[in-house]
Every structure is written in C-alpha cells, then in structure tokens.
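**Student:** Each residue of the sequence shown is one higher than the one before, starting from 17 at the first, in this note's numbering.
We put the beta carbon where it would ideally sit given N, CA and C, even for glycine.
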Amino acid sequence: MKSKMGKNLPIKIFQKRRIDERRTEGSGSNTPPKWQLSESDLEERATMLMEPLEEVFFDFSNRSRERDFIPATLKVDIDDNAIAKSHRKDIQKIFNGKLSKNNIIGFIDSNSLLVKVDSIEEGQQIKLNFLDYVKNAKSISAIEYIEVYKPYITEIEEHDILKVSLIDYLNYELNNAIKIAFHKFCKSLNLEIKEVKYSSGLIIFKVLKGSKATIDQLSEFEAIESITFMPKYKVILDDALSTKDELDILTPVDGVNYPVIGVLDSGISSNKYLEPWLLPEKFSSYPHELINPTHGTAVSSIIVYGDKLQNRLLSGSNGCKLFDATVFPDDNKETVYEDELVENIREAIKANKNIKIWNMSLGTDIDADPNDFSDFGIALDSIQETYDVIICKSSGNCKNFMQGRPKGRVAKSADSIRSLVIGSIAHDKGGRDIADINHPSPFTRIGPGPANNIKPDLVSYGGNAGMNGTRLIQNGVNAIAPDGRVMQFIGTSFATPRVTALLSELHLKISESFNPTLLKALAIHSAKYPEGLTLPVSERIHQMGFGLPDSAENIIYNDPHEITLILQENIVKGEFIEILEFPFPESMVDEEGYFYGEIKVTLVSQPVLREKQGAEYCQSNLEVKLGTYQNIKNRDIEKTNILNEFGPEDAQNILRDSNYRSSFKKDVKSDYARERVLLNYGNKYQPVKKYSINLEEMTPSNKVYNLESNRKWYVKITGAYRDFAETLALQDGEILNQDFTLIITIRDNKRKFPVYNEVSQLLENRNFLHSNIKIREEVRIDTNNNLNN
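Printed below as a string of structure tokens:
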C-alpha cells in the first residue's frame, strides 16, 4: 500500500559533485577587544590572579613522595565576554609551563575552566606569564578569578554507596598511575572500591559502605573531582486500569522479514499476544525470580500493537520482532545502581550488535543539569557510538503536577545527545484531566536539555492525568499486561515505543546501509505539531521538540507536487560544502515574479563529544544555509586567505528567521502553524537543526533581496569545532570530521507544477548523481487498513 494523498514517488538521495567541495578560508583580527583592561588595572588583576599559585607551591612542598606526581588543579573563572572560541587560545597560552603545554583539561558549567599545574617549576613559569601582564593583556583581562579546585561533595546518608570521580588529566600514563595510587590510598583506609565503566573519558569508582568520615578521608586525595552517592533506580508504575477492549492476535507471516527491536527493560512476558513476536534468544542480567515483566511487557506491546491499541495510524508498523534484554530487576526484590544499569545496557548491546534499534523506557527522576551532561547520558552516547546503534529514550516522568508545580526538566540520562528522546502528549481528555488533547501530558518532562540542547526530540501519545483532591486520576493509553489483559498505563515510557517502532519500520523499508543520522533525520523531518495545539510558539520546541512524527509510509514517498532530497556526507575540518545551482524548481514563481513554496530542511550530525567539558560537551557544530545568489563570481586566489577560485555573488540565506514577518512567528492557528519552524540557532552547538518555512511569509523587502526569479539557488554546509577538540586533535594527530544527513523537501503549496519531475530533471541536467531511495520490495500484510490517520 502506498501512502495517502497520492504519495507514491520515492524520496531521492543525491550526492555532491567535485565542484561543490571547498576549503575553509582563514579570518581574524588583531584588534584588542573592548573589554581588555588598562595597564594599571592589568597589574592589579595579575597580582590577584597569582595568589592561588602560592597555595599550589605549598601543597607540592608538603606532598608525600608517593603522590607528588599528581598535578595540582586550578579552577579558573572566565569573563562572560571572553567565552568565545576566538579568545580560548590566548587563555590557554598564559597557563603554559616550561615543558607542559595545553594545560586546560576541562570545563565546569559554562564559565569555569579546570587547569592543571604539573609541578612547582611549571607553576613558577605560569607565575612569570602573569608577571608579564602587558604581553598577556588579553589573557589576564579574560580571567576574573582563580582558586585551587575543591572537589564537589554532596550530602550522603550513612552507609550509602559512593560514586567517586577522578580528574581526567588527558594523559593515559598519568591517569593510570593516579588510579593505582587511588587503589593504594583506599586500601590504606580499608575501603572496598571498584572502578566502573561509563565512557573512556570518565574515571569513576564505586566505594562501598560510605560515611561522612569516609568522604573526609577521600577528599584528601589530590585527584578527586567529585564525591556523590551512586544513584539507585526504580521503575515507577502507577496502578494500571483494566479495560474491556478486545484485541486480535497478530502473528508473523512465514517467509516475511520483520524489523527487530531490542527492548532494554524489565523483561517481556511470553503471553498469547507477544509470544509469536519474541525472538528465542534473550539477554538477562537477573534470574527469573528477580524479574517483574509488567513494565517491559506493556512497552513491548506498544511496539507490536501500538497502532491497533490506539486505533490510530502512528508508526505504520506491520509487526516487529522483539529481543528481550532484561536489564532491570524487580525493584521490590533487588536494588539496581546506576553503574550496574549502565553495565547491563552495555553488555546487552555488545552481545547483540546486529540489532540496530533499541527501546529504553527507563531512566531517572532527577532533573538534568542546565549546564552539564549526566554521566548516564554520556554513557548512553558512548555505547551508541561504539556499537553503531540508536537508542530511543523516554524523556522521563515528573509528578510536579500533583502539587500544582511546573513540569520538570528532562531527566538525567534523557540528556543523551545521540539518543532520540521522546516526550508524551495527551491522546484524550476526561473530566479531571489537566492536559488538552494533543498537548504535553501533565507528567512529561520538558526541555531544554543541558546547554540549551533541544530535548525531547519528538513526542507521541503516552496518556493524560489529573487530580481529584489529593488522589491521582489516570487516563492511560492501551497496552498489554503480562497476563494478556488490555490495560491503561500513563507515562513517557509508553510514548517512546511508538517512535521506536517507526524507526524500525523505516530501517526495514529502506534497503540502504544502516545510518543513524538518516533514520533520526527522516523521523524529525516528518514531524509536525498536532492539530488544535494552542501552546505558544516559543514553548513548542521546549515541551514537544520537533513534534509528532508521521507514519513510515508517508515519510518515504512524495506526491507529484513535492520532492524530498537526501544528502549523506562526511565533512572534514578545514573543508565545507557549497552546492551552487541547487535544483530549486524554476517554475515555482508567482504573478509578481518571486519564487514561492514551502521548504523544509533538517540537518542531523554525529557530533564530536568530549567528556568533562561541562556545557561544551558537544564539541562540533554544523551550520546549513539555503538560499539564493545573483551570479557565480571568480575569486583571486593570489590574495592572502583566499583558497577557493569561485563562489556566489550576493548570497542570501532564506533560512534566517529575521527574513519573515513577525506575525507569522507568533501564529498558532493557521494550518501551516503545525509545520512552521523558524529558529535562530545562533552559535549553539546543536547536532539537530530543522527549519520549515513558507516563502510567501517573507517580508516584502526581503522578497526583493532573496526571491526574484532571476536568482539562482545554493546550499552551504560548514563545520566548526571548539578549541578543546582542536587542541586535542592536533596533539593526537586526529582529523576532526562529522557524518551528517541533510534532508530538503520542496513543496508547491499551490499544487500547480510537477515539482518532483522538474527537480529530478534539474538534478540530471546539472550533473548530480542521484537515485530513488532503495525501498525493500516485499509483500507484507498491511494490518493498518482500518485505522484513523
């Protein structure tokens, strides 16, 4: 079955041409910044900043010989004006010692650096750098305050299990020597410790039977970064309500391929509905008697039967095989700590690398930090990168609504950059329910994530709720209990598997190599805000990400009046892509001589991530520009900093939000309000960017500059990297690069011209290699014929 509204033309993949490759050209200025201090103020600032070095010298002088190789660590607060990457190298230079360079080892929050001092001799050289305050005027002006770093220590209960993080000095041998010294130190205190694995850049130990006295002792070790309690996890499942709904049992058809999803959960019951779809193999971290499969069964039932259970076409899935990865015990019988859960997830995925899409409707009930990414989220990123998989992750539930409080921020673990994070919206509204239909559920956690990252990415239906006095009233979505009854559950846990099923269906339908950025980009590109949404425009992205995705069938096909083009590429530092003569349909010109139409652009990258960088965990960025230009001009490559022989003249970027009338930016009522995405991403390092624009909404003056029909079209993709990643790459000989998928849909909203055919011909005429996306040709029984769209 092809999708609705005559959509039967496959979306297209195209490739850049050799002539679209460019080299990045240098720029910069030697003009001192406005915030640079006068000479007299510099002397005073430098004197103040040197004071903590005396404390460092005293510390080194009184160290025991067996630990005198551990560097001292300074916390350096940077002026808000000097945070930009262009100033970072100047700050770095002032902390260069005689032998040691690149002594900035980390970032805390958004304004504080961690700097190592290897020895008294190296510290003396740093002191000399500060004394030469005229030469180092910019660096000293950029630094507001320096102090000896003190470990972050949280309040704990007696006999808690401790989570101890050591500072990563970015030196393999030094880190190993420090770990050995820490083992000896803990042994001398009769402490039982175990190193636990989150990711390569996190050095974390689990300390059993902690106490306040233990913390005091541990904090004496020179390389301690933080001492907190090891988080415990529980599956919080409110009482499910029985229904009288009946459901037909679906069974796989012999000889037909079905997608496979790994379910990282509490186990899956082999009841009459799910038994036909369960793979015979399974992974379990726990014996049968310590498993309660209620949560995992309900989640899995939505993967297989979700559209039928809600009588609504959401994923378009026609069945899905389930791999049971029991990573969570019955928490009434067994406690699971964060490090154990991370290890269970890693082992399940490592042992089943052939399964590419995983559902994880588990997490924490702790808000993500505004400026720092959680260890759990970083671990999920590391696992996905190592094993080349996608984890669809719930944004987490919050009970603030029960006390009349605002929704909480996405949970720690849902701040994972590489995961596709899903929030919940209401499917229905009863008498006491808080949320209107198609609005964020009262319990869903919302964005932004750390460093203003867009989380959740998408939403789906997870139920509604309200209060009757102090009693919780649930209005749940349908799912199947372990005993086979259809019951109602609420939670982001039950929104997430709908999107997981969608991704698996896309992966099956598209006969291309697995590409996580492609699948994520297709889902996000298809998303709209649901009908009837009255949420202010400014809140939509925070609470609902990019919206509710379409079904798989509608995603992979176009109708004759639109075309979707996909570019899958890798961009290397020092290069960018600039596609001139981009094939925008020349026929789409209105009566006044301006281009018109709806354009949707989605860019999803695999960013460079670096632990211990606070808000700068995401170390790379891609920017896309789509627009028009007057002509192609020749450029003089004999001139300094000019490396490219030709380029566009008078290039205008139509994706800039300032091009459009302000009335449309506030519109929540028109049909196009569901699709419109006008965001100014600025300098934010966001691995997902989406724009959805209607050219007719451009201001009259901008139409003149941007849309006259004699102009040509271009696409430009440029990369950027933070100074920390560049410095490490130079040191290690790494070539920084980013994989990405760019999707562009051009639609004739007046439905006058055959856009699909015209653009296909332009691709051919302009020497682009292109093809229809490969769609798996296979007869599968469509089980969704009678569902509501």
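Can you tell me whether DSSP reads ALA451 as helix, strand or coil?
**Tutor:** Looking at ALA451 - three-state DSSP - the assignment turns out to be coil, as it is neither helix nor strand.
**Student:** When you compare only the Cα positions, how much space is there between MET17 and GLU780?
**Tutor:** Note that MET17 scores 43 on pLDDT, short of 50, meaning its location in the model is unreliable; the coordinates nonetheless yield the value given after this. Their backbone Cα atoms lie some 29 Å apart in a straight line.
**Student:** State the beta-bridge partners of PHE592 as determined by DSSP.
**Tutor:** The partner list for PHE592 (beta bridge, DSSP) reads ARG38.
**Student:** Measuring straight from C-alpha to C-alpha, what distance separates PRO275 and PRO703?
**Tutor:** Their Cα atoms are separated by approximately 27 Å.
**Student:** Whole angstroms are fine: how far does the CA of GLU238 sit from the CA of THR512?
**Tutor:** Looking at the two C-alpha atoms, the distance is approximately 43 Å.
**Student:** For ARG39, I'd like the list of residues in its chain whose CB is within less than 7 Å of its CB, leaving aside the five on either flank, ordered along the chain.
**Tutor:** Excluding sequence neighbours, ARG39 sits near GLY590, GLU591, LEU659, ASN660.
**Student:** Rounded to a whole number of angstroms, what is the C-alpha to C-alpha distance between SER19 and LEU329?
**Tutor:** At SER19 the pLDDT is 47, less than 50, meaning the model places this residue with poor confidence and gives no usable figure here.
**Student:** Counting C-beta neighbours from all protein chains within 10 Å, is the total for GLU297 16 or more, i.e. buried, or is it exposed?
**Tutor:** Exposed, by the Cβ-count rule.
**Student:** Buried or exposed, going by whether 16 or more other CB atoms sit within 10 Å of the CB of VAL795?
**Tutor:** Caution applies to VAL795, whose pLDDT of 47 falls short of 50 and renders its modelled position unreliable; the value that the coordinates give is listed next. So VAL795 ends up on the exposed side.
**Student:** Can the beta-carbon of ARG434 be found closer than 9 Å to that of THR508?
**Tutor:** Going by C-beta atoms, ARG434 is not nearer than 9 Å to THR508.
**Student:** Taking all protein chains shown into account, do 16 or more other C-beta atoms lie within 10 angstroms of the C-beta of THR267, making it buried, or fewer, making it exposed?
**Tutor:** It is exposed - the Cβ of THR267 has fewer than 16 other Cβ atoms within 10 Å.
**Student:** At the level of alpha carbons, what is the spacing between LYS23 and ILE762?
**Tutor:** If you take the alpha carbons of LYS23 and ILE762, they lie about 14 Å apart.
**Student:** If you reduce the DSSP assignment to three classes, tell me which class SER157 lands in.
**Tutor:** DSSP places SER157 in helix when its eight states are reduced to three.
**Student:** I'd like the span of the beta strand (DSSP E) that includes PRO513, first residue to last.
**Tutor:** No beta strand (DSSP E) contains PRO513, which is instead part of the alpha helix (DSSP H) from 512 to 525.
**Student:** Go through its chain and collect everything with a Cβ distance to HIS786's Cβ below 6 Å, but skip five positions before and after it.
**Tutor:** Result list for HIS786: LYS28, PHE30, LEU779, in chain order.
**Student:** Where LYS428 and PRO466 are concerned, what is the direct C-alpha to C-alpha distance, given to the nearest angstrom?
**Tutor:** If I take the Cα positions, the gap works out to 10 Å.
**Student:** Would you decide whether PRO167 is buried or exposed? Buried here means 16 or more other CB atoms lie within 10 Å of its CB.
**Tutor:** Per the 10 Å Cβ criterion, buried.
**Student:** Roughly how many angstroms lie between the CA atoms of PHE111 and TYR610, to the nearest whole one?
**Tutor:** If you take the alpha carbons of PHE111 and TYR610, they lie about 56 Å apart.
**Student:** Does ASP96 pass the burial test, meaning 16 or more other C-beta atoms within 10 Å, or should it be called exposed?
**Tutor:** Exposed.
**Student:** Can you tell me whether TYR321 is helix, strand or coil according to DSSP?
**Tutor:** TYR321 falls in the helix class under three-state DSSP.
**Student:** Can you tell me the Cα-Cα spacing of LYS766 and SER674, whole angstroms?
**Tutor:** If you take the alpha carbons of LYS766 and SER674, they lie about 24 Å apart.
**Student:** Drop a sphere of 10 angstroms on the beta-carbon of VAL320, count the other beta-carbons inside from all chains shown, and report buried for 16 or more, exposed for fewer.
**Tutor:** Buried, by the Cβ-count rule.
**Student:** Should the stretch 48 to 60 be regarded as contacting the stretch 195 to 203, the criterion being three or more beta carbon pairs within less than 8 Å?
**Tutor:** The answer is no - the stretch 195 to 203 does not touch the stretch 48 to 60, with fewer than three Cβ pairs under 8 Å.
**Student:** Please state whether the Cβ-Cβ distance between ASP125 and ILE595 is less than 9 Å.
**Tutor:** Not a contact, by the Cβ cut-off of 9 Å.
**Student:** For LEU758, report the span of its alpha helix (DSSP H) as first-last.
**Tutor:** First-last for LEU758: 753 to 763, but that is the beta strand (DSSP E), not the alpha helix (DSSP H).
**Student:** Tell me which residues share the same chain as SER542 and place their Cβ nearer than 8 Å to its Cβ, disregarding the 5 neighbours each side in the sequence.
**Tutor:** If we look at SER542 and ignore the five residues flanking it on each side, its Cβ neighbours are PRO565, ASP566, ASN570, ILE571.
**Student:** Is there at least one non-hydrogen atom of the ligand ATP closer than 8 Å to the beta-carbon of LYS166?
**Tutor:** This structure does not include the ligand ATP; it has no bound ligands of any sort.
**Student:** In chain order, what residues of the same chain lie with their CB nearer than 7 Å to the CB of MET418, ignoring the 5 residues before and after it?
**Tutor:** MET483, LEU488, listed in sequence order.
**Student:** Excluding sequence positions up to five away, which residues of its chain have a Cβ less than 8 Å from the Cβ of GLN629?
**Tutor:** Contacts found: GLY122, PHE123, GLN635, ARG738, PHE740.
**Student:** Since HIS786 sits in a beta bridge, which residues does DSSP pair it with?
**Tutor:** DSSP lists PHE30 as partners of HIS786.
**Student:** Going by the beta-carbon positions, is the gap between VAL279 and ASN375 smaller than 9 Å?
**Tutor:** Yes, Cβ-Cβ distance for VAL279 and ASN375 is below 9 Å.
**Student:** If I follow the unbroken beta strand (DSSP E) through GLU211, where does it start and stop?
**Tutor:** Taken as a continuous stretch (DSSP letters only), the beta strand (DSSP E) holding GLU211 covers 209 to 212.
**Student:** Under 9 Å, do ASP381 and CYS408 count as touching if we go by C-beta distance?
**Tutor:** No, they are not a contact pair.
**Student:** Can you look up CYS202 in the DSSP assignment and give me helix, strand or coil?
**Tutor:** It is helical.
**Student:** Taking contact to mean 3 or more Cβ pairs, one atom from each stretch, closer than 8 Å, check whether the stretch 55 to 70 and the stretch 141 to 160 are in contact.
**Tutor:** Contact holds: three or more Cβ-Cβ distances are below 8 Å.
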